[in-house]
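Worksheet for the structure shown next.
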Amino acid sequence: MTTISDVAKAAGVSTATVSRVLSNSAAVKPLTRDAVLKAVEALDYKPNALARQMRTQETRTVIVIVPDISNTFFSEILFSIERCAQKYDYQILIADMHNQPNIESYYFQAIQQRTVDGIISLSANVAQKLMEQVAEEYPIVVANQYLENFNIPNVTINNINAAEEITEHLIKLGHTHIAHITSQPSLLLYRDRFNGYISALAKHGLPIDLELVRYGDSSIEGGYKQMTALLELNKPISAIFAAGDVMAVGAIKALKSAGLRVPEDIAVVGFDDIEISGFWEPSLTTVRPPKRQIGEVAFEKLLKLMRKQPLTQMKDILDYEIVIRESCGYHQNERRFVT
Numbered sequence: 001m002t003t004i005s006d007v008a009k010a011a012g013v014s015t016a017t018v019s020r021v022l023s024n025s026a027a028v029k030p031l032t033r034d035a036v037l038k039a040v041e042a043l044d045y046k047p048n049a050l051a052r053q054m055r056t057q058e059t060r061t062v063i064v065i066v067p068d069i070s071n072t073f074f075s076e077i078l079f080s081i082e083r084c085a086q087k088y089d090y091q092i093l094i095a096d097m098h099n100q101p102n103i104e105s106y107y108f109q110a111i112q113q114r115t116v117d118g119i120i121s122l123s124a125n126v127a128q129k130l131m132e133q134v135a136e137e138y139p140i141v142v143a144n145q146y147l148e149n150f151n152i153p154n155v156t157i158n159n160i161n162a163a164e165e166i167t168e169h170l171i172k173l174g175h176t177h178i179a180h181i182t183s184q185p186s187l188l189l190y191r192d193r194f195n196g197y198i199s200a201l202a203k204h205g206l207p208i209d210l211e212l213v214r215y216g217d218s219s220i221e222g223g224y225k226q227m228t229a230l231l232e233l234n235k236p237i238s239a240i241f242a243a244g245d246v247m248a249v250g251a252i253k254a255l256k257s258a259g260l261r262v263p264e265d266i267a268v269v270g271f272d273d274i275e276i277s278g279f280w281e282p283s284l285t286t287v288r289p290p291k292r293q294i295g296e297v298a299f300e301k302l303l304k305l306m307r308k309q310p311l312t313q314m315k316d317i318l319d320y321e322i323v324i325r326e327s328c329g330y331h332q333n334e335r336r337f338v339t
């Protein structure tokens, strides 16, 4: 059976444009309208009247796309979103990506087949063209991340500044050989944190050694593997900046397995301030984004979009904190290099 996506592909337009042509909207160029109508005729497309009717009805349902619900960073944001949804009598559907590449595209395609009032995505790991199509059809807000060169409402922190600040904290403690453990460079969030790290090194005239930058999974296992790889380089390293707390925890485990002490031999700092960070041994110095506030602001923005109210701004950049704990060695006066 021919679908609206088939028509859109044949006409070289988005599914939203096809919908506008079929509903006889004036906001379509004549050439585009002709291309769509020709595709409809060629493919013998029969629009589903019931589906169109359902699409115009309010469902009071919002879907939230979560990269990994087992990561308490995201579960805290989700808790805040759910609380706001209950306040306004909305229900939440959760789509867990399990940190699998390309699965977000699957969820977005599934959303186009179902009826929801709006979308909050806690990830931006999706093809831009698909995101554009979804944004044309549904109110959508990206939380914790943002999309480059695309005007979708989003809520985040300044990851570059935060990464630069926590790297500078290590520099002020006397570190000159700081390695970086991170994840997918295709994600702006990790790219921004990398850029903040590089900016801090450059500002203080420290050498930039890209061999000390390791990419892997955003997980404890990923942090463990990349820390092990760094130790195998046999280069001087006195501190680690991990772009996520789960990776920092893995790095600490790898250091302990190698017989090294944290922070006495190598200091470690992270990013996100997940629940375990304050209870790990040693407790983790990290960046604390306002997770609850991110969820609240994201839902409030989405609510305005669903109500067709104007937004005062497309991008909300919230404040963050640097949380100083034991793992950075703030109380240490002497340090040796691991070579």
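Residues in the sequence shown are numbered from 1 upward in steps of one, following the UniProt record's numbering. The beta carbon of each residue, even a glycine, is placed where N, CA and C say it ideally should be. All values derive from a computational prediction rather than experimental measurement.
| Check | Outcome |
| --- | --- |
| Straight-line Cα distance separating Ser277 from Ile119 | 30 Å |
| Residues bridged to Gly183 [DSSP beta-bridge criterion] | A small fix is needed here, since residue 183 is Ser in this sequence, not Gly. In the DSSP output, where bridge partners are listed per residue, Ser183 has none listed. |
| Pair within 9 Å by beta-carbon distance, Val287 and Ile166 | yes |
| Pro139 versus Met306 - alpha carbon distance | 6 Å |
| Closest by C-alpha distance to Gly174, when choosing among Val66, Glu264 and Lys256 | Glu264 |
| Bridge partners - residue 340, DSSP secondary structure assignment | An answer regarding residue 340 cannot be provided, because it is not within the stretch 1 to 339 covered by the chain. |
| For Gly205, the nearest candidate out of Gln133, His177 and Met314 (CA to CA) | His177 |
| Proximity winner among Asn161, Met131, Ile157 and Asn159, relative to Asn149 (alpha-carbon distances) | Met131 |
| Ala239 vs Asp192 beta-carbon contact at 9 Å | no |
| Coarse secondary structure for Ser121, derived from DSSP in three states | strand |
| Distance, Val116 Cα to Ala135 Cα | 13 Å |
| Test item: CB-CB of Lys253 and Glu76 under 9 Å | no |
| Helix, strand or coil at Glu281 according to DSSP, with G and I counted as helix | coil |
| Cβ shell of Ile322 (< 7 Å), same chain only, five flanking positions each side left out | Glu165, Ile166, His169 and Val287 |
| Three-way DSSP call (helix, strand, coil) for Val116 in this model | coil |
| Ala95 and His180 closer than 9 Å at C-beta | no |
| Coarse secondary structure for Glu264, derived from DSSP in three states | coil |
| For Asn154 and Arg20, the rounded distance between their alpha carbons | 26 Å |
| Segments of 4+ residues assigned as alpha helix (DSSP H) that fall wholly inside the segment 206-265 | 220-231 and 245-257 |
| Phe271 versus Val249 - alpha carbon distance | 11 Å |
| Spatial distance of Ile294 from Tyr215 (CA atoms) | 27 Å |
| Close Cβ partners of Lys304 (< 8 Å) along its chain, the five nearest in sequence each way excluded | Pro310 and Leu311 |
| Rounded separation between Ile65 and Lys315 - CA only | 19 Å |
| Bridge partners - Leu318, DSSP secondary structure assignment | Ile157 |
| Helix, strand or coil at Asp89 according to DSSP, with G and I counted as helix | coil |
| Span separating the alpha-carbon of Asp217 from that of Lys87 | 36 Å |
| Proximity below 9 Å, CB of Pro289 to CB of Arg325 | no |
| Exposure of Pro67, with buried meaning 16 or more beta-carbon neighbours within 10 Å | buried |
| Environment of Asp273 [buried if 16+ CB atoms lie within 10 Å] | buried |
| Same chain, Cβ closer than 7 Å to Gln53, five either side skipped, listed in chain order | Summary for Gln53: the model assigns pLDDT 49, below 50, so the residue's position carries little reliability, and this model does not support an answer. |
| Beta-ladder partner(s) of Asp96, from DSSP | Val66 |
| Contacting residues, own chain, Cβ-Cβ under 7 Å from Asp44 (five flanking each side not counted) | Thr2 |
| For Thr32, three-class secondary structure by DSSP | helix |
| Thr61 - DSSP class collapsed to helix/strand/coil | strand |
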